[in-house]
Amino acid sequence: MSLGKDIPHDSSYTHVTGASNFIDDRPLTHKEVYVGVLGSPITCGVIEEIDFTDVLKLPGVLAGYTNKDLKSNVWGTIVKEQPILAFEKVMYRGEPIALIAVESEEIILEALKLIKVKSKESKAILLLDEAITNKDFIYQATPFTQGNFSEAIKKAPHKIKDYFECGGQEHFYLENHASLAYPLEQGQIEVHSSSQHPTETQHVVAEALGLSYHQVVCVVKRMGGAFGGKESQAAPLAAMAAVVAQNLNRPARLILTKDQDMEITGKRHPFKNFYEVGFDDNGKILAFKAELFANAGSYTDLTSSILERAMFHLDGAYFLENVEINGTAVRTNLPSNTAFRGFGGPQGNMTIEVAIEKMAMVLNKDALEIRTLNCYGEGKRNKTPYGQVIGYNPLPTLFTSLIDQSNYIKRRVAINKFNKESKTKVRGLSLTATKFGIAFTARFLNQGNALVNVHVDGTVQVSTGATEMGQGVNTKISQVVAHAFGIDAVDVNMMPTSTEKNHNTSPTAASSGSDINCAAADIACQAIVRNLKIVATRYFANEKFDDLHEYIIDESTNTDSIQLQDGQVSCSKTNKTETFSKICQIAYLNRISLGEYGFFKTENIGFDKNKGIGTPFNYFTNGVAATEVEIDRFTGECKVLKTDILMDLGRRINPGIDYGQVSGAFIQGMGWVTQESLFTDAEGVLKTHSPTTYKIPNIQDTPREFNINFIENHENTQAIHRSKAVGEPPFVLGISCFTAIYDALRCYNSSMNKDLDCRLTSPATNEKILMTMYGNN
Amino acid sequence: MRNYILFYINGKRHEIYGEMAFRPLSTFLRKDLGLTGTKIVCSEGDCGACTVLNAGLNDIENGKLRYHTINSCIKYLHLCDLKHFITIEGIKDKNLLTPVQSSMIEHHGSQCGFCTPGFICTLSSMSDDCVLDKKLITEKKVKNYTTGNLCRCTGYKPIINAGMNIDLKNYKTLSQRYHDSSMIEDFEKHSQVPVELTGVNKRLFIPTSENDAAKYLSDKSNQCKIEAGGTDLGVVQNKCHGMIIDVLSFDLIKNNNKITKKDNSFEIGPRATWSEIEKALSKDFPEFYKLIHVFASPQIKNAGTLVGNIANASPIGDGIPFLLVGNASLELTSLQGKRMVSVDKFYKAYKQMDMEADEFISKLIIPIPSKNTLTKLYKISLRKDLDISAVTFAGSFVLENNKLSNIKIAYGGVGPTVLRLKEVEQALENSPFELASFEKILPLVEKEISPLSDHRGSKEYRHLIAKNLMLKCFHELSSEVRS
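From first to last, the protein sequence lines are chains A and B. For any residue, its number in our numbering is found by taking its place in the first sequence, counting from 1, and adding 984. For any residue, its number in our numbering is found by taking its place in the second sequence, counting from 1, and adding 1103.
Structure (structure tokens):
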């Protein structure tokens, strides 16, 4: 049995020995060149001329390219509006405008400085507020409504009208964007790309080069982290490498530096969300209205879907009887913001969690009381603002269990005592939840295919559209395949993702990589298993096969007595057993196919964008987290003392991999709300473009005590082997660090006899915390 | 004279000539040797993906090399003379995984794998140290060793689990496995011979004596930069190019990394690394030790020097405020001889020092404070560890009969250089040790500093922090005094 087993990541051996091959680890091939990318020197305006005269004199520089060298210079996942190389109009500082092909990587920086650019700058819009006033909207979503907000708010005993702001976030995958294009025969191109979406990369490369899709293959062996940052934005970079390869007929390698990567590529969308909430003395939410504004940056990219996911997750874990949710995305002169783990969900969800903190300030209550009071119910109070009814709902159980496991009540008392006594520190505690919708909200993306090839020695090669970025999707697929054939997972090899084997695939995103690709692989496996069982039935019945007789696949064959387990194929009727490999050989000798292509689509989902109503999600993944923080009263420095997480991940395919997903997502979420601060100056120059200035959490920032547990849940029939998607949902739990800081501020204000109310924007850096404590924010 | 750099990688000998010496070690490993396990992410020594282990003649213990981690992306080959490097490819013991590697596999310490080689190297250095020092692995140790390794996938918890569960009983130290007395002899033989090497428009001189160094500096035609650990110049070279042209390195001057305690003071050689200083000063300077602990990663502290930090003259140099209030002084050497200058008088304006072009810092002297001296050091940054400060603070007070005297207060990050707050000091002199004394001088703090706004903090925030640190200092000192 390989399902449910804590087997190591399928690349772990090569990872720990340094033998894993990433794109820039590929050996240089004959005549290979490097590609340098020149970014726009202005934030907004017109590029009038790009002059390569000087740079071409530098030894080792072979050629320069601009938009004119592309057959098509436009791409865009949702709206085709984004140039690959901007020319007349540039939209942000650092936007790629030209390429150079050089013989040595070491001269790229020096060479780029020699390109002369003539440009005319015009006024840039950098701030979200400015863009809202300016009304340059990229997208306005259809509102979600339920009940009657305007009636309910009138009757509410308490009302808060405020806004919540959160910042962007750099993905900070360790492997920077990388592409390597090999020119093949007859103008064909093979491109290796650090892409979560090989199919889109294939398409964008083909279009940029004036080729048909069947002339381009995109291969993805693995990525050194992606987190959404390589979903759409890998494609234009691959096209840049490919256009050089095509023009020079030489392999071309494009590896961004971290600085360039951060300057060029988009980030998590900052949001400013206005809200109005009406509630009673107990903290029951009677009416809620939200107006979300997403900062899209320069182009649409994936913004409309991200905005909608923010709206889908505004409710968080809480039932909103009378609600209205509006969403607008605005354009600014920043890199085009893009997918990032959670895809807008955290920005929506955080709004209501913060609103609850404000309600706690008004009522001077522990916010947890408000959370449990408003939590979605089982069988009642279970309809979302967009009309989807929540089926099986473990949220109430999760809340109750974690309150108990984390010793919440006792700790609350201890914290109150500590805050009264300490002159130098103040502590806060918060317990928040995640209810994350699983499925692409664009229904057509919920499909996948897999190719399963069984060899005559009983080992298996599997190819799917899933891309491995560290999340362990390949390990899970290999476990599902091994389970289907009753063999060991080491006998299943996951092959590099390639568009020649799996085409029309969806990005590995929306936490759905495992759900979709495991299911597609399983469908392929079941077809082969069916064949093998028929072969085994005939073989165990001593049916003859030779050059004159052979087994045929008769679908009516009763194979109920055949079992595939532990590398053996056995028959309960005849009590005979044979090895899996032997049965495979017999199948082969009888000219029976040992390869299958499986196709899967997620059933019973669909959302009407024009009405704002429907069933966008296949199911929800839920979890809760309790976090305690300690703040220095003099410096605003914040430490996370303890976090307890309780997740429902259904029946886990690989507990160890899921544990790592929860831990990693939580810390990423914690970083987003506490310390990851993007700073763009008034000219539109990103000042935080490397780890010296952009601080993702390091090992010392992790909670002093960090516990992750799971509940048993075998009820999720919606996903492969009753598992649940895990990638994004725990990211949302990082918000508990932010709300714990809010809680500490409430305690601080109370201890200083100040007005309890205050407003904190995310990320809650030391500076913001301190300035809020001193009322200077 | 020798015209090449000598080092070993995974036990194999390499001689490096000419222009080749002016490339980062990581590039040499990846592009020339095809050892692509070492990864490059930030090229500024801030992420740890390029971590390798190294040891040289200063790291011999019981006749064997003791290995430390460094960032290979900012370590240029001209600074690699007489070192043995172990890369991720050299970690496996023949064909077997080490307990470090198998623990990382078993505990899912690796997801995407890009940071993993760096973590393996770091945890290997921890395991070597634990076995050699007969210490057990603790959670704190795992965290302290891996502070300089960023991981974006795991949230570190699985790595902590992996680190805690390394089977030390079956761990063979790299020190033992790579022991090769002929290599050490090779280093010793070469250490007697100065290096002079030229590349395309580039030059390197590694003298074996202070006198030769002084002579080289006195020749005005040499526009050289003195390079110590290269933890700053390596970054500048990677990001700006063309900075490393004419280099003078002190690597072959014997005993210049020595730290000696005499007459109530410590004398620190110019090539003493932060790690060596951290170890030597832990007992006598607990506050400075705490600061060193958070200010940089082990990789940086194993390469960078305190004297380099002083000579770099950054207004946010983390070591400087303490030296200013701690009466530290510098010995400057040139062909004309030696002279002493107090660190307090050393900085004249932004990046301007009381040091002539032909002088170099040959020694740092830090007196051990008297028993009744109270010291407090603070470093305020966005991230607690390994972050450039927004504001730094150093306060030194003599407390007698509940009265404060000999007061020295220094701040970094609030002006063009690290500043002493003379008016504040005067106003506090002879004040009673109570909150009111500190509250009273806050307007003076505000007056004496002139911070700017940047991505590390606004002007207003720095003003507020500067004032609050005086109060924090009082509260913490008074609780220390009470206990």
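Even for Gly, the Cβ is constructed at its ideal location relative to N, Cα and C. Since we're looking at a predicted model, the values are computed, not measured.
Extent of the continuous alpha helix (DSSP H) to which residue i belongs
i, result
"arginine 1355 of chain A", "1351-1358"
"valine 1457 of chain A", "1457-1469"
"glutamine 1279 of chain B", "1277-1280"
"glutamate 1462 of chain B", "Premise fails: glutamate 1462 of chain B is in no alpha helix (DSSP H) and is neither H nor E."
"aspartate 980 of chain A", "Since the first residue shown for chain A is 985 and the last is 1761, residue 980 of chain A is missing from the structure and cannot be characterised."
"isoleucine 1293 of chain B", "Here the sequence assigns histidine to residue 1293 of chain B, which means isoleucine is not the residue at that position. Run containing histidine 1293 of chain B: 1284-1294, per the alpha helix (DSSP H) assignment."
Euclidean distance between Cα positions of residue i and residue j
i, j, result
"threonine 1672 of chain A", "phenylalanine 1663 of chain A", "6 Å"
"threonine 1563 of chain A", "glycine 1454 of chain A", "33 Å"
"leucine 1352 of chain A", "alanine 1709 of chain A", "26 Å"
"glycine 1151 of chain B", "valine 1144 of chain B", "8 Å"
"glutamine 1217 of chain A", "leucine 1304 of chain A", "36 Å"
"asparagine 1700 of chain A", "serine 1746 of chain A", "34 Å"
"alanine 941 of chain A", "valine 1203 of chain A", "Since the displayed chain A opens at 985 and closes at 1761, residue 941 of chain A lies outside it and no answer follows."
"aspartate 1236 of chain B", "glutamate 1164 of chain B", "11 Å"
"leucine 1098 of chain B", "valine 1608 of chain A", "It is not possible to answer for residue 1098 of chain B, since the shown part of chain B is limited to 1104 through 1586."
"glycine 1044 of chain A", "alanine 1095 of chain A", "9 Å"
"threonine 1492 of chain A", "serine 1647 of chain A", "20 Å"
"threonine 1249 of chain A", "phenylalanine 1618 of chain A", "37 Å"
"asparagine 1533 of chain B", "leucine 1351 of chain B", "48 Å"
"histidine 1253 of chain A", "isoleucine 1062 of chain A", "16 Å"
"cysteine 1509 of chain A", "glutamine 1463 of chain A", "12 Å"
Own chain residues within Cβ distance below 7 Å of residue i, not counting five before or after
i, result
"glutamate 1667 of chain A", "Thr1027"
"threonine 1436 of chain B", "Glu1313, Ala1317, Glu1462, Phe1463, Ser1465"
"asparagine 1501 of chain A", "Gly1432, Ala1434, Thr1448, Gly1449, Ala1450, Val1457, Ile1461"
"methionine 1123 of chain B", "Leu1180"
Spatial neighbours of residue i in its chain, beta-carbon cut-off 6 Å, leaving aside the 5 residues before and after
i, result
"lysine 1557 of chain A", "Ser1545"
"glutamine 1702 of chain A", "Asn1602, Tyr1603"
"asparagine 1430 of chain B", "Pro1470"
"serine 1088 of chain A", "Gly1044"
Presumed contact (8 Å Cβ cut-off) between residue i and residue j, rounded CB distance
i, j, result
"isoleucine 1099 of chain A", "phenylalanine 1036 of chain A", "6 Å"
"alanine 1493 of chain B", "arginine 1565 of chain B", "6 Å"
"isoleucine 1413 of chain B", "alanine 1383 of chain B", "In fact, because the Cβ distance is near 17 Å, the residues do not count as touching under 8 Å."
"threonine 1284 of chain A", "glycine 1060 of chain A", "6 Å"
"serine 1490 of chain A", "glycine 1449 of chain A", "7 Å"
Own chain residues within Cβ distance below 8 Å of residue i, not counting five before or after
i, result
"arginine 1688 of chain A", "Lys1623, Val1624, Leu1625, Lys1626"
"aspartate 1038 of chain A", "Leu1098, Ile1099, Lys1100"
"threonine 1311 of chain B", "Ser1294, Gln1295, Val1296, Pro1297, Leu1355, Ile1356, Lys1357"
Enclosing beta strand (DSSP E) for residue i [first to last residue]
i, result
"aspartate 1162 of chain B", "Careful: aspartate 1162 of chain B lies outside any beta strand (DSSP E) and carries neither H nor E."
"tyrosine 1018 of chain A", "1017-1023"
"arginine 1442 of chain B", "1440-1445"
"isoleucine 1309 of chain A", "1307-1315"
"glycine 1281 of chain A", "1269-1281"
"valine 1410 of chain A", "1409-1422"
"threonine 1561 of chain A", "1560-1563"
"proline 1043 of chain A", "Per DSSP, proline 1043 of chain A belongs to no beta strand (DSSP E) and is neither H nor E."
"methionine 1478 of chain A", "1476-1478"
"cysteine 1202 of chain A", "1200-1204"
Report the residues of the segment 1529-1554 of chain B with a CB closer than 9 Å to any CB of chain A, ordered along the chain. Taking 9 Å as the upper bound on Cβ-Cβ separation, chain A lies near no residue of the segment 1529-1554 of chain B.
Residues of the segment 1250-1262 of chain B with a CB closer than 9 Å to any CB of chain A: list them in chain order, please. Taken in chain order, the members of the segment 1250-1262 of chain B whose beta-carbon sits within less than 9 Å of a beta-carbon on chain A are Thr1250, Gly1251, Asn1252, Leu1253, Cys1254, Arg1255, Cys1256, Thr1257, Gly1258, Tyr1259, Lys1260, Pro1261, Ile1262.
Between the segment 1215-1246 of chain B and chain A, which residues of the former have CB atoms less than 7 Å from a CB of the latter, in chain order? Cys1215, Gly1216, Phe1217, Cys1218, Thr1219, Pro1220, Ile1223, Lys1246
Relative to chain B, which residues along the segment 1194-1219 of chain A have a C-beta separation below 9 Å, given in chain order? Arg1206, Met1207, Gly1208, Gly1209, Ala1210, Phe1211
Scan the segment 1147-1168 of chain B for residues whose Cβ lies nearer than 7 Å to a Cβ of chain A and list them as they occur along the chain. Glu1147, Asp1149, Cys1150, Ala1152
Taking a Cβ distance cut-off of 9 Å, strictly less, list which residues of the segment 1136-1167 of chain A are near chain B, in chain order. His1155, Phe1156, Tyr1157, Leu1158, Glu1159, Asn1160
Contacting positions in the segment 989-1023 of chain A - beta carbon closer than 9 Å to chain B: Asp990, Pro992, His993, Ser995, Ser996, Tyr997, Thr998, His999, Val1000, Thr1001, Gly1002, Ala1003, Ser1004, Asn1005, Phe1006, Asp1008, Asp1009, Arg1010, Pro1011, Leu1012
If you measure beta-carbon to beta-carbon, which residues of the segment 1446-1469 of chain A are closer than 9 Å to chain B? Glu1452, Met1453, Gly1454, Gln1455, Gly1456
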